[in-house]
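Participant: Mind having a look at this structure? Questions to follow.
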Amino acid sequence: MELRFKIYRFDPRMDSEPRYQDYVVQADPRERILDCLNRIKWEQDGSLSYRMSCGHGVCGSDAMRINGRCALACQKLVKDVADSEVLLEPLPTFTVLKDLVVDLDPFFERVNQMRPYLLAALEEPNRERLQTPEARKKLDHVIRCILCACCTASCPIVQEGTPFIGPAALVWAFRNIFDSRDARHEERLKAVDTPDGAWGCRNHFECTRVCPKEIPVTKSINIIKREIEKALR
């Protein structure tokens with residue numbers, strides 16, 4: 001099938017404002033949007049910029065807005081998103097570095113604020129730090145996060161320009177708040193017990209809708225809120 005792509009183009013070093021450029025490719029309905037993007041770059045326009053790496057929905061690097069919805073280009077099939085034209089734009093809320101590439105440094109800074117690593121007791125065990133299957137199961141859904149930033153880019157609260165830390169950072173906070181091996185439970189809860197932390201979420205559920213790993217993001221944030229009420233109030 002012949003498929004038209006309308007792609008956001010902007011190089012802040014050369015352009016005064018963004019524009020949209022059209023491309024036409026021959027695409028199989030079973031191909032991925034990333035396959036079409038690669039064909040455009042390799043065969044038509046080498047100046048087109050976007051991120052990609054694994055191409056299998058693991059690294060999260062090719063997140064962008066596809067027909068108005070944030071998603072991974074390597075996970076979206078032509079038959080699922082295409083009619084006669086596919087609109088590709090960079091993730092909203094982030095500064096565009098070039099075309100579909102955005103500056104994710106502020107996103108990772110917010111995640112790093114949550115200290116996304118185990119803070120265990122100072123005493124080192126003789127063997128590994130043990131965890132029961134039941135305790136591990138509490139983390140099953142959140143550990144699928146690949147830091148693609150789709151949830152944060154889609155969040156209406158973040159889009160308002162508020163200092164809300166964002167859903168991805170709270171997902172990573174969840175991982176350690178409820179990790180039975182972590183020794184800073186109360187300290188971690190206090191870190192998100194702020195108007196810009198867990199309480200900044202207003203339950204729009206857009207983060208959950210766009211998550212490519214199907215993480216119940218909004219539910220996880222609400223669980224954090226209930227734990228704050230239980231442990232700190």
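Numbered per full-length UniProt numbering, the sequence shown finishes at 233, counting up by one with no gaps. Ideal Cβ placement from N, Cα and C applies to all residues, glycine included.
#1: Keeping to the same chain, check which residues put their C-beta closer than 7 Å to that of valine 210; ignore five residues upstream and five downstream.
#2: Using the three-state DSSP reduction, which class does leucine 7 fall into: helix, strand or coil?
#3: Whole angstroms is fine: what's the gap from asparagine 176's alpha carbon to glutamine 44's?
#4: Would you kindly report the start and end of the unbroken beta strand (DSSP E) that includes glutamine 26?
#5: Using DSSP with H/G/I as helix, E/B as strand and the rest coil, what is leucine 97?
#6: If alanine 183 and leucine 87 are in contact, beta carbons under 8 Å, what's the gap, nearest whole angstrom?
#7: Give me the Cα-Cα distance between threonine 93 and lysine 138, rounded to the nearest whole angstrom.
#8: Beta-carbon within less than 6 Å of proline 29's beta-carbon, same chain only, minus the 5 sequence neighbours each way: which residues are those?
#9: Contact defined as beta carbons within less than 8 Å: I believe isoleucine 215 pairs with alanine 198. What is the distance between those atoms, to the nearest angstrom?
#10: Measuring alpha carbon to alpha carbon, tell me which of Phe107, Gly60, Arg181 ends up nearest alanine 169.
#11: So, using beta-carbon positions, are arginine 19 and arginine 9 closer together than 8 Å?
#12: What is the residue span of the alpha helix (DSSP H) that cysteine 36 lies within?
#13: Could you tell me if cysteine 54 is buried or exposed, where buried requires 16 or more neighbouring beta carbons within 10 angstroms of its beta carbon?
#14: Enumerate in chain order the residues of its own chain whose CB-to-CB distance from threonine 208 is below 7 Å, with the five nearest sequence positions on each side excluded.
Facilitator: Taking the structure as given:
#1: If we look at valine 210 and ignore the five residues flanking it on each side, its Cβ neighbours are Arg69, Cys70, Ala71, Cys150, Cys151, Ser154.
#2: Per the sequence presented here, residue 7 reads as isoleucine, with leucine not at that position. Here isoleucine 7 sits in strand by DSSP.
#3: Whole-angstrom Cα-Cα distance: 46 Å.
#4: Note, glutamine 26: beta strand (DSSP E), 19-26.
#5: Strand at leucine 97.
#6: Not really, about 48 Å apart at Cβ, beyond 8 Å.
#7: So the two alpha carbons sit approximately 31 Å from each other.
#8: Excluding sequence neighbours, proline 29 sits near Val78, Lys79.
#9: Isoleucine 215 to alanine 198, Cβ: 16 Å. No contact.
#10: Among Phe107, Gly60, Arg181, the Cα nearest to that of alanine 169 is on Phe107.
#11: By the CB criterion at 8 Å, arginine 19 and arginine 9 fall inside the cutoff.
#12: 33-43 is the span of the alpha helix (DSSP H), which, as asked, contains cysteine 36.
#13: Exposed is the call here.
#14: Answer for threonine 208: Pro216, Val217, Thr218, listed in chain order.
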